[in-house]
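Residue numbers (full-length UniProt numbering): 1 to 303.
Glycine included, every Cβ here is placed at the ideal spot set by N, Cα and C.
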């Protein structure tokens with residue numbers, strides 16, 4: 001079946017996808033995309049590149065740290081707090097421009113070329129979705145497309161971001177420090193999110209050693225000790241953009257509150273599928289016909 005080109009996809013395909021998006025986004029605020037054209041192997045290679053970046057010495061990673069008002073760059077674990085208070089356990093590399101000088105090509109040959117190619121694939125998919133969304137709302141097909149020029153161009157008027165995320169397992173280390181380190185969980189459990197996150201086991205061996213001493217910084221970094229074992233992968237929030245495309249290598253801790261519900265529900269994982277969920281801008285544009293869901297990522301804890 002022909003799908004046309006990125007600029008002028010086959011109208012029947014756009015109409016069909018638009019109707020499917022209308023039903024899913026109106027009722028649930030999210031949906032899973034299949035047959036999207038981005039290969040599993042290409043995604044896996046990108047995740048491998050991120051793993052290699054996380055394995056680099058900290059002083060090398062610091063060279064690519066996000067600074068100032070620019071969203072582009074590496075974000076250390078513990079820096080972001082989407083719910084405003086709880087440190088979040090993840091490494092992130094925000095890519096807002098495909099300029100190779102802003103990517104870790106020197107320490108990781110091939111990183112910039114592969115990520116740039118993947119970004120172009122996501123841009124093409126996004127442009128198709130923007131047209132399908134317009135059709136789903138019975139407005140001109142080019143309406144949203146015209147409002148989303150210069151994606152990943154580094155233009156501060158366009159905040160489109162390709163965000164690579166690595167959620168490290170949490171392990172007990174021999175020095176009795178709650179460091180953000182890579183490793184393997186021997187055994188773990190997961191609780192669902194709550195409006196006031198508390199992911200502590202009834203008995204937590206960290207409690208005696210993790211009380212905050214009033215300092216936000218640990219050893220000169222922004223990686224923080226966590227009080228009483230409280231930790232999270234990503235705090236409760238709504239995405240601020242038009243929509244988010246999420247590819248996962250396995251089932252994570254992603255949970256959402258569906259429209260009209262205050263109950264957290266796990267999203268699950270369909271191998272090869274890409275999740276699309278609405279952001280605040282699309283919710284405003286459609287007068288909440290396509291709602292922006294509150295979402296977050298739970299945390300695995302060693303017990």
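Close beta carbons around residue 162, own chain, < 6 Å, minus the five adjacent residues each side: 95 and 119
Alpha-carbon to alpha-carbon, residue 30 and residue 274: 11 Å
Segment contact flag, the segment 43 to 61 with the segment 247 to 263, C-beta cutoff 8 Å, min 3 pairs: yes
Range of the contiguous beta strand (DSSP E) that encloses residue 244: 243 to 246
Cβ distance (whole Å) where residue 256 is taken to contact residue 294 below 8 Å: 7 Å
Residue 286 beta carbon less than 8 Å from that of residue 137: yes
Distance CB(residue 132)-CB(residue 14) smaller than 8 Å: yes
Given residue 261 as reference, the closest of 18, 11 and 27 once Cα atoms are compared: 27
Cα-Cα separation, residue 104 to residue 123: 21 Å
Buried or exposed (CB count within 10 angstroms, at least 16 for buried), residue 90: buried
Proximity to residue 107 [Cα-Cα], best of 92, 63, 80 and 130: 63
Closest residue to residue 134 among 20, 72 and 117 (Cα-Cα distance): 20
Residue closest to residue 258, alpha-carbon to alpha-carbon, out of 24, 109 and 59: 24
Residues that DSSP places opposite residue 264 in a beta bridge: 257
Alpha carbon of residue 114 to alpha carbon of residue 60, nearest angstrom: 20 Å
Alpha-carbon spacing of residue 22 relative to residue 148, whole angstroms: 20 Å
Cα-Cα separation, residue 58 to residue 253: 27 Å
Anticipated Cβ contact below 8 Å, residue 50 with residue 82, distance rounded: At roughly 20 Å, the Cβ-Cβ gap does not stay under 8 Å, so residue 50 and residue 82 are not in contact.
Boundaries of the beta strand (DSSP E) in which residue 79 is found, first to last residue: Per DSSP, residue 79 belongs to no beta strand (DSSP E) and is neither H nor E.
Segments assigned beta strand (DSSP E), at least 3 residues, entirely inside the segment 38 to 104: 73 to 75 and 91 to 95
Residues of its chain near residue 291, where Cβ-Cβ distance is below 7 Å and the 5 sequence neighbours each way are ignored: 29, 259, 278 and 283
C-beta atoms of residue 276 and residue 242 nearer than 8 Å: no
Start-to-end residues for the beta strand (DSSP E) that takes in residue 274: 274 to 278
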